[in-house]
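Working notes, structure below.
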Amino acid sequence: MTTDVPTRVDEETSFVPSFDDEAESGRKLAIICSKGNLDMAYPALILGNAALGEGIEVHLFFTFWGFDMINKKTQGDLQFSYLGNTAMHPPGMFGVHMPQGMAGLPGMTAATTKMMKKQIADLDVPEVPEFLEIIHASGGHLWACRMSADMMKLHEEDLIDEVEGIISASDFMELTDGAQLLFI
Amino acid sequence: MPTTTISGRTLEVNEEGFLVHPEDWTEDLGVELARLIGIEMTEAHWEPIRFLRTDHAAMGETPTLRRVSTQTGIDVKTLFGLFPKKPAKKMAYVAGLPKPKGCV
């Protein structure tokens, strides 16, 4: 082609990462948190936080045992038990099985919880209450399930301030129109 | 590796456009990198960027958003305000560093 007009090589022609593509495409992520075990709380927190850092709109919906993550009285004290989890091995000891019967012994849940909390803290990953504060500060939305609140006789004042409201399943469906969805 | 020309300098970048060599970076280039992604640098922007530079030099990897926040005392919400939508990646870009590898 000979018709091309020579262009000035300036900053505007620089190769720049396309940071806002996903934000502009309106990508949304909805995560339903239905578990109150320590190890089942983290997947939603890690993924939701990562999505926010990518400019994705994030909604977390807490239902059933997931309420323990947003209940002021329980959120700092989630527990980890390996009862029913045959994959459990002592830290770093792959291939060594922990007898299931031992998981039911008094004090065992406290010990395994302490161990897991330490491993998480060693990675500088925040505890559940702080993690939810960070997600909220990063623009994430937290919602509580109406039916679970009614079942457990919990009200907004029982939940952390970051929860925007107690809403029905239908409300949540409307809010998350077009979202990618994870059930945990 | 592709190259790009910024402020009259030819720089090696990766397939996404991040600088490949942290030593190519200067504060003047940081101002220009920020401008290219729509950010005008203020003193508030420089504080985390300088931390990224020193932390990368010390630790050999780009700090995550969490680390920037805990080490500088700048809360996450402020970082989202300074570098909207994708603060960790945008800070790394402006600081001439690779994207952070950590999850949190």
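Sequence order for the protein chains is A and B.
Heads up: take any position in the first sequence, counting from 1, add 822, and you land on my numbering.
Heads up: take any position in the second sequence, counting from 1, add 17, and you land on my numbering.
All C-beta atoms, glycine included, are put in the ideal place defined by N, C-alpha and C.
Since this is a predicted model, take the numbers as computed values, not measurements.
Give the DSSP-derived three-state secondary structure of residue i in the structure shown.
i: Leu-69(B); result: helix
i: Gly-875(A); result: helix
i: Ala-1014(A); result: Here chain A comprises residues numbered 823 to 1006, so residue 1014(A) is not present and cannot be evaluated.
i: Val-838(A); result: coil
i: Phe-100(B); result: coil
i: Leu-1004(A); result: strand
i: Val-827(A); result: Unreliable placement is indicated for Val-827(A), whose pLDDT of 47 sits below 50; the coordinate value is still reported in the next sentence. Val-827(A): coil per DSSP, three-state reduction.
i: Met-995(A); result: helix
i: Ser-990(A); result: coil
Residues of chain B with CB under 7 Å from residue i, in chain order?
i: Ser-836(A); result: Thr-21, Thr-22, Ile-23 and Leu-53
i: Gly-923(A); result: Under the 7 Å cutoff, chain B gives no residues; its nearest Cβ is about 34 Å from Gly-923(A).
i: Val-947(A); result: Val-121
i: Asn-871(A); result: Val-121
i: Ile-956(A); result: Val-93
Starting from residue i, follow its DSSP beta bridges and name the residues at the other end.
i: Arg-964(A); result: Arg is not the amino acid found at residue 964(A); the sequence shown has Leu there. BP columns for Leu-964(A) point to Leu-882(A) and Val-985(A).
Can you list the residues of chain A that residue i reaches, using a CB-CB cut of under 8 Å?
i: Glu-29(B); result: The contacting residues do not exist; Glu-29(B) stays about 11 Å from chain A at best.
i: Asp-92(B); result: Ala-959
i: Arg-84(B); result: Asp-946
i: Ala-105(B); result: Gly-875
Among the options, which has the Cα closest to the Cα of residue i?
i: Glu-44(B); options: Leu-96(B), Pro-65(B) and Val-30(B); result: Pro-65(B)
i: Gly-119(B); options: Thr-89(B), Leu-82(B) and Leu-99(B); result: Leu-82(B)
i: Ala-69(B); options: Asp-92(B), Ser-86(B), Thr-59(B) and Phe-97(B); result: A small fix is needed here, since residue 69(B) is Leu in this sequence, not Ala. Measuring from the Cα of Leu-69(B), the nearest candidate turns out to be Ser-86(B).
i: Ala-112(B); options: Ser-24(B), Val-30(B) and Leu-36(B); result: Leu-36(B)
i: Cys-967(A); options: Pro-865(A), Asp-993(A) and Pro-948(A); result: Asp-993(A)
i: Val-947(A); options: Arg-849(A), Asn-859(A), Asn-871(A) and Ile-854(A); result: Asn-871(A)
i: Ala-852(A); options: Leu-860(A), Phe-883(A) and Trp-887(A); result: Phe-883(A)
i: Met-76(B); options: Leu-114(B), Asn-31(B) and Gly-34(B); result: Leu-114(B)
i: Leu-905(A); options: Met-924(A), Asp-890(A), Trp-887(A) and Asp-944(A); result: Met-924(A)
i: Gly-952(A); options: Pro-839(A), Gln-897(A) and Gly-875(A); result: Gly is not the amino acid found at residue 952(A); the sequence shown has Glu there. When only C-alpha atoms are compared, the closest one is Gln-897(A).
i: Val-985(A); options: Tyr-864(A), Lys-894(A), Pro-839(A) and Ile-878(A); result: Lys-894(A)
i: Gly-961(A); options: Ser-903(A), Gly-877(A) and Asp-861(A); result: Gly-877(A)
i: Ala-61(B); options: Phe-97(B), Ser-24(B) and Lys-102(B); result: Phe-97(B)
i: Ala-1001(A); options: Pro-839(A), Gly-987(A) and Ala-873(A); result: Ala-873(A)
i: Ile-989(A); options: Ser-840(A), His-881(A) and Ala-943(A); result: His-881(A)
i: Ala-51(B); options: Lys-107(B), Pro-117(B), Val-121(B) and Asp-41(B); result: Lys-107(B)
i: Lys-939(A); options: Met-862(A), Glu-996(A), Trp-887(A) and Lys-857(A); result: Met-862(A)
i: Leu-954(A); options: Gly-858(A), Ile-892(A), Ser-903(A) and Ser-847(A); result: Ile-892(A)
i: Asp-890(A); options: Lys-857(A), Asp-983(A) and Leu-867(A); result: Lys-857(A)
i: Ile-54(B); options: Val-121(B), Lys-103(B) and Pro-117(B); result: Lys-103(B)
i: Asp-92(B); options: Glu-949(A), Leu-964(A), Ala-959(A) and Ser-903(A); result: Ala-959(A)
i: Leu-1004(A); options: Pro-865(A), Asp-842(A), Val-838(A) and Pro-839(A); result: Pro-865(A)
i: Asp-972(A); options: Cys-855(A), Lys-936(A), Arg-849(A) and Thr-885(A); result: Thr-885(A)
Residue i touches chain A at which residues, Cβ-Cβ below 7 Å?
i: Gly-34(B); result: Phe-837, Val-838 and Pro-839
i: Arg-26(B); result: Going along chain A, no residue has its Cβ under 7 Å from Arg-26(B), so there is no contact; the nearest lies around 10 Å.
i: Lys-102(B); result: Phe-841, Asp-842, Ala-845 and Gly-877
i: Phe-97(B); result: Ser-960 and Gly-961
Could you tell me whether any non-hydrogen atom of the ligand SAH is closer than 6 Å to the CB of residue i?
i: Met-891(A); result: Inclusion of the ligand SAH in the displayed structure is not the case, the ligand content being empty and no account of it being possible.
Mind pulling the chain B residues with CB within less than 9 Å of residue i?
i: Ile-868(A); result: Cys-120 and Val-121
* Scan the region 872-948 of chain A and note each continuous beta strand (DSSP E) run of 3 residues or more that stays entirely inside, going in chain order. => 879-884
* To do: May I have a chain-ordered list of the beta strand (DSSP E) segments no shorter than 3 residues that lie completely inside the region 21-59 of chain B?
  => The region 21-59 of chain B contains these whole beta strand (DSSP E) runs: 26-29.
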